[in-house]
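Trainee:
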Amino acid sequence: MRIRSLIVTMAGMALAGASLYASQELLKVQPATASIDPQAPALVSVVVAAQDIPFGSTVEGHKLTTIQWPAEAVPPGIFSDYSVLLPADGNEPRRAKRAMAQGELVLANKVSDFGEKVTITQTLAKGNRAMAITVNATTSVGGFVTPGDIVDIVLTTGGGGSLRALTILQSIRIVGVDQQADEQAENPNIAKTVTVEVTPEQGQKLALAQKAGTLSLSLRGLTNDEDQPIESIRLSDIIRDESPTEEGPKATVTVRRGAVAMEEVEVKERDQAVN
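Residue numbers (the numbering used here): 16 to 290.
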């Protein structure tokens, strides 16, 4: 019995040892190996804005960061390292020629050269001009006009019964309100002068229109609607003896024109009174 118990004990110890050894082998951490997918697109480092960078502000290191971008989708003018955007010690910085939102790619056409002055002329399309017009709270949509907005320009001219309004320009971009040219500005101001982007021909029309009467701005919506011809309207078109909603059925008579032609003619109240 004693020998039998000893044999059972030794067998149990051997089994426990084998189990422990097997467990250690299974729990060994194998070195991790990264597999590269040959189908994955190649990535490159590009510089983006780490925060909103307003128009005309300096380009500084804390305003920039880098991210990985698909190499096949990289636009021209990117920067792969933002150190090239920063000036050497004692030199003038670059400035934002366009307002850039956080996460937006920093491109060469959005930043100035070192020490270069940034003005609204750098926001104009090729061949266009910047022209200022005089406005007030009424003619500038109550002050709810900011740089970057798109407006129509309406001329009111004449006097008395000849007073009329005409839309002379459509889809005109506001590039400045008084001295403010930042398109990221959120607070509208009551402006005295608004600067607009126009072609040379449109600039000539504006110059004449400012002498001919009062210019008003009509703020357009965000949708890119196509411009449509708009007829001018006179004061006499909106002032009538009777409201259009009060007009009842019209009295007409049939008039013969020539041997065959027939025509319906409206009978005016004056004619009815005479009859």
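By construction, the Cβ of each residue, glycine as well, lies at the ideal position given by its N, Cα and C atoms.
Opposite V169 in the DSSP bridges: which residues?
Mentor: T182 and S231
Trainee: How long is the line joining the alpha carbons of A140 and S177, rounded to whole angstroms?
Mentor: When rounded, the distance between both Cα atoms is 38 Å.
Trainee: What separation, rounded to the nearest whole angstrom, lies between the Cα atoms of Q66 and A116?
Mentor: 7 Å
Trainee: Could you tell me if R285 is buried or exposed, where buried requires 16 or more neighbouring beta carbons within 10 angstroms of its beta carbon?
Mentor: For R285, the predicted structure reports a pLDDT of 48, less than 50, and the residue's modelled location is therefore unreliable. A value from the coordinates is still provided. That one is exposed.
Trainee: Assign E212 to one of two classes, buried (16 or more other C-beta atoms within 10 Å of its C-beta) or exposed (fewer than that).
Mentor: Counting the other Cβ atoms within 10 Å of the Cβ of E212 gives 16 or more, which makes it buried.
Trainee: With 16 as the cutoff for other CB atoms within 10 Å, does A47 come out buried or exposed?
Mentor: Only weak support is given to the placement of A47: the predicted model assigns it a pLDDT of 48, under 50, and the value that follows is read from those uncertain coordinates. Flag for A47 reads exposed.
Trainee: Determine the direct distance from the alpha carbon of A111 to that of V74, and round the result to whole angstroms.
Mentor: 7 Å
Trainee: Taking F159 as the reference, give the member of L234, T214 and T138 with the closest Cα.
Mentor: Among L234, T214 and T138, the Cα nearest to that of F159 is on L234.
Trainee: Use the C-beta contact count for V44: other C-beta atoms within 10 angstroms, 16 or more gives buried, fewer gives exposed.
Mentor: Because the pLDDT at V44 is just 48, under 50, the model does not fix this residue reliably, and the point stays unresolved.
Trainee: Tell me whether K132 is buried or exposed, calling it buried when 16 or more other Cβ atoms sit within 10 Å of its Cβ.
Mentor: exposed
Trainee: Quick check: the Cα distance between V150 and P215, rounded to an integer number of angstroms?
Mentor: 21 Å
Trainee: Nearest-angstrom Cα distance between N227 and L184?
Mentor: The identity of residue 227 in the sequence shown is Ala, whereas the question assumes Asn. Cα to Cα, A227 sits roughly 15 Å from L184.
Trainee: Could you give the first and the last residue of the continuous alpha helix (DSSP H) run that contains L297?
Mentor: Past the boundaries of the shown model lies residue 297; the chain is included only from 16 to 290, so the question cannot be answered.
Trainee: If you run the structure through DSSP and keep just helix, strand and coil, what is L139?
Mentor: coil
Trainee: Quick one: is E119 near chain B, going by C-beta distance under 8 Å?
Mentor: Although the question refers to chain B, the structure presented lacks it and comprises just one protein chain.
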